[in-house]
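Quick note on numbering: the sequence shown equals residues 911 to 1181 in my numbering. Ideal Cβ positions, reconstructed from N, Cα and C, are used throughout, including at glycine. So the structure is just underneath, and the comments pick up after that.
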Amino acid sequence: MKDKRVLYVSSEVIPYLPETDISSTSFEAAKMVNNLGGQIRIFMPRFGNINERRHQLHEVIRLSGMNLVINDLDMPLIIKVASIPKERMQVYFIDNEDYFKRKATLTDEDGNLFSDNDERAIFFAKGVIETVKKLNWSPDIIHVHGWLSSLLPLYLRNYYGNEPLFKDSKIVTSVYNQSFDGTLDEELREKILFDGFENANVKHLKTPNFVNLIKTAVDNSDAVVMGGDNVPEELKTYVDKLNKPVLPFTEKENFSHAYQEFYDTKVLSEK
């Protein structure tokens, strides 16, 4: 992995949010590549319950200021950055007053999904890609974690399909069991179609539930990692039918070797 560039896009990363399969794996995978001499970038949403003072987040003026069009509305993009102590790794935060100021992540205090989570997912996907373009940083691998990140492969393969910076990038999606009940806004499909997508690109999103979001992500990925041993059976079956490299769930003690070998022999070997 020496000198390889890996972009990690995750809905949550420790130490900024509590430890879960997604937050810890996103951190450990990036740390592993960094320790092997690779170059990494980590992106996550700047949720309002992240303590900016404690974690020393600060705005990057040269990367902020762009407006992203979401459902025909201009939404300002703010980029913040922080360094993970002792790891020499930077984390970029996608921020917007309307989408990420509230003091919670994905649900309210009663456990109900926020009604705009669909637009937050679109904004996050576009925000990451536009910021990487501004950084002029061409990743060898883009590894996606968490359902809020699940629209990034779709946008990268289609909306940004002719972008030279990502021409040789390989997309990996990790599939977890951190799901949600019900669906996102039923208009999600129409909001994506507004950006010029074909109906076939969003065939799963007629019902925008957790399983269909992940199906959309893996359809637009080059490889899949099973991030847990209790992934929904429907997703296991769907992934098994795809002609794509799959890394089975790996326990933490074998994590580093398994990921390194998968990146080297299954993902990058297809270049």
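Segment contact: the segment 1095-1107 against the segment 1043-1057, fewer than three CB-CB distances shorter than 8 Å; contact not assigned. DSSP places Glu1161 in the coil class of the three-state scheme, outside both helix and strand.
Leu917: member of the beta strand (DSSP E) spanning Arg915 to Ser920, first to last residue. For the options Lys1125, Met1136 and Phe953, the alpha carbon positioned closest to that of Thr1160 is the one of Met1136. Residue state for Thr930 is assigned as coil, using DSSP reduced to three classes.
Counting only runs that start and end inside the segment 1091-1165, the alpha helix (DSSP H) elements of at least 4 residues fall at 1098-1103, 1120-1129 and 1143-1151. As for any beta strand (DSSP E) of minimum length 3 sitting wholly inside the segment 988-1070, the runs are 988-994, 999-1005 and 1051-1055, ordered along the chain. Counted as a single uninterrupted DSSP element, the alpha helix (DSSP H) harbouring Arg963 occupies residues Glu962 to His965. A check of alpha carbon separations from Asn977 across Gly948, Ile989 and Phe1024 identifies Ile989 as the nearest. In this structure, the CA atom of Ile971 is about 18 Å from the CA atom of Met954.
Secondary-structure assignment with DSSP links Gln949 through a beta bridge to Arg915. By a beta-carbon distance limit of 8 Å, Trp1057 contacts Ile1124. Their separation comes to about 7 Å.
Separation of Asn1130 and Leu1178 (C-alpha to C-alpha, rounded to the nearest whole angstrom) is 16 Å.
Asn961 counts as exposed, since fewer than 16 other beta carbons sit within 10 angstroms of its beta carbon. Residue burial is scored here from C-beta neighbours: His968 has fewer than 16 other C-beta atoms within 10 angstroms and is therefore classed as exposed. Going by DSSP, Lys1080 is part of the beta strand (DSSP E) stretching over Lys1080 to Val1085. Taking a C-beta distance under 8 Å as the contact criterion, Asp931 and Gly1138 qualify as a contact pair.
Here Phe1010 has Pro955, Arg956, Phe957 and Gly958 as same chain residues with Cβ atoms under 7 Å from its own Cβ, once five neighbours each way along the sequence are excluded. Distance check between Gly1092 and each of Met999, Phe1024 and Thr1147 places Phe1024 closest, using alpha-carbon atoms only. The shortest CA-to-CA distance from Lys912 to any of Asn945, Lys1044 and Tyr1086 is the one to Asn945.
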